[in-house]
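Note that my numbering has the sequence shown beginning at 1000, numbered continuously upward.
No residue lacks a Cβ here, since even glycine has one placed at the ideal position from N, Cα and C.
These figures come from a predicted structure and were not determined experimentally.
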Amino acid sequence: MPKIILDTDIGSDVDDAMALLFALHSPELDIKGVTTVYGDVRLRAEIALKLIDLDGKKGIPVAVGSEFSLLRERNIWRDGIEGKGIITGEETDLIPINESAADFIIRMVHENPGEIVLVAVGPLTNLAVALINDPTIIPKIKEIIFIGGMARVGDNSLDVPAIEYNVRCDPEAARLVFRSGIPIVMLGMDVTRRNATFIDSKDLKKIKEVGAPVHLMAVTLLEIYWDYLQKDGSWMHDALALAFTIDRSLVKTRKLFVEIETKGICTTGLTLVTDQKDRSNVEVGVSLDEKRFLPFFLERICRQT
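Structure (structure tokens):
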């Protein structure tokens, strides 16, 4: 049973909330904690705590992480819907642990050497800070599974942004983590932005029919985000990381060399992916089992636990 820490910028794109719900409904995963990153990290922690509470899983620790990028020199992007529909401002029991995300990661890794999988579905700032503060955890981390970047090997490569959001928000942190020597799986937009990861109103109806409080909240968050996008649906990028943690056959990967551009005028945040067999440092997702992911995702999301 993988011991995971979910590092998330929950509250913007709804896929973070759905990824947390997926994890909560997956008995194969031992969730050691949730850490929040980027922007209003305390609000993000409250969102995570509210979902955990609604799902009846109170007790999973949530730690507040880094608000700013590693070098504190990049603007924070907010879409303005964080907390809408879920946080009323009257909650009194949504209290994160009294430990920073980086310190929590460090402690968990030392207490579980060789066992912790860091599932990172936001900017990599918390992980970078943890590595800087205590490099001795590097050989003790089992793996990092990261939703982000672009390998540009899929047939949809021209239909997605050249510079992926999670890397763009903190390219220096990504560069440090990718150079750390920790085993890394990068599931980029080549595999996460596929028809097979897109849910729409017919899937929303299935979730709503479950009727449990956490499912009704998920429906509310989906509707708010889709209204913001002015679309009937969105991609469940982040849930793929949890699904992959359970079943690695869902994504075909290749060992490739990945470097992060940090000094370009127009290219900062670009993931440079090349096939250098003597220097491969990342397991890169190159294709998705498009028949299996969505049924797996919906089955887990619609569970009552």
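Run of the alpha helix (DSSP H) containing residue i, from where it starts to where it stops
i, result
"residue 1006", "It is not in any alpha helix (DSSP H) - residue 1006 instead sits in the beta strand (DSSP E) that spans 1002-1007."
"residue 1243", "1238-1245"
"residue 1104", "1100-1110"
"residue 1200", "1200-1209"
Exposure label - residue i; buried when at least 16 CB within 10 Å
i, result
"residue 1247", "exposed"
"residue 1265", "exposed"
"residue 1031", "buried"
"residue 1112", "exposed"
"residue 1095", "buried"
"residue 1049", "buried"
"residue 1175", "buried"
"residue 1226", "exposed"
"residue 1001", "buried"
"residue 1180", "exposed"
"residue 1239", "buried"
"residue 1144", "buried"
"residue 985", "Nothing about residue 985 can be reported from this structure: the residues present for the chain run from 1000 to 1304 only."
"residue 1269", "buried"
"residue 1158", "exposed"
"residue 1178", "exposed"
Separation of residue j from residue i, as counted between CA atoms
i, j, result
"residue 1373", "residue 1126", "As displayed, the chain neither begins before 1000 nor continues past 1304, which places residue 1373 out of reach and without an answer."
"residue 1134", "residue 1108", "11 Å"
"residue 1080", "residue 1197", "21 Å"
"residue 1221", "residue 1102", "32 Å"
"residue 1284", "residue 1163", "15 Å"
"residue 1306", "residue 1024", "Only positions 1000 to 1304 of the chain appear in the structure, and residue 1306 is not among them; the question remains open."
"residue 1215", "residue 1301", "11 Å"
"residue 1186", "residue 1262", "23 Å"
"residue 1138", "residue 1200", "44 Å"
"residue 968", "residue 1122", "What is shown of the chain runs 1000 to 1304, which leaves residue 968 out entirely."
"residue 1188", "residue 1092", "36 Å"
"residue 1110", "residue 1237", "26 Å"
"residue 1018", "residue 1241", "7 Å"
"residue 1282", "residue 1183", "6 Å"
"residue 1035", "residue 1061", "8 Å"
"residue 1116", "residue 1027", "13 Å"
"residue 1170", "residue 1294", "34 Å"
"residue 1075", "residue 1168", "8 Å"
"residue 1211", "residue 1232", "21 Å"
"residue 1106", "residue 1070", "24 Å"
Within 8 Å, strictly: CB atoms of residue i and residue j
i, j, result
"residue 1046", "residue 1059", "no"
"residue 1088", "residue 1066", "no"
"residue 1063", "residue 1077", "no"
"residue 1083", "residue 1206", "no"
"residue 1006", "residue 1119", "yes"
"residue 1235", "residue 1054", "no"
"residue 1161", "residue 1287", "no"
"residue 1043", "residue 1086", "no"
"residue 1299", "residue 1021", "yes"
"residue 1190", "residue 1128", "no"
"residue 1004", "residue 1131", "no"
Element boundaries [beta strand (DSSP E), containing residue i]
i, result
"residue 1118", "1115-1119"
"residue 1166", "Element bounds for residue 1166: not the beta strand (DSSP E) but the alpha helix (DSSP H), 1164-1168."
"residue 1184", "1183-1186"
"residue 1061", "1061-1063"
"residue 1089", "Run containing residue 1089: none; DSSP gives neither H nor E here."
"residue 1143", "1142-1146"
"residue 1253", "1250-1259"
"residue 1272", "1270-1273"
"residue 1035", "1029-1035"
Assess contact between the segment 1247-1257 and the segment 1268-1284, defined as three or more Cβ pairs (one per stretch) separated by less than 8 Å. Is contact present? Judged by Cβ distances under 8 Å, the segment 1247-1257 makes contact with the segment 1268-1284, as three or more pairs qualify.
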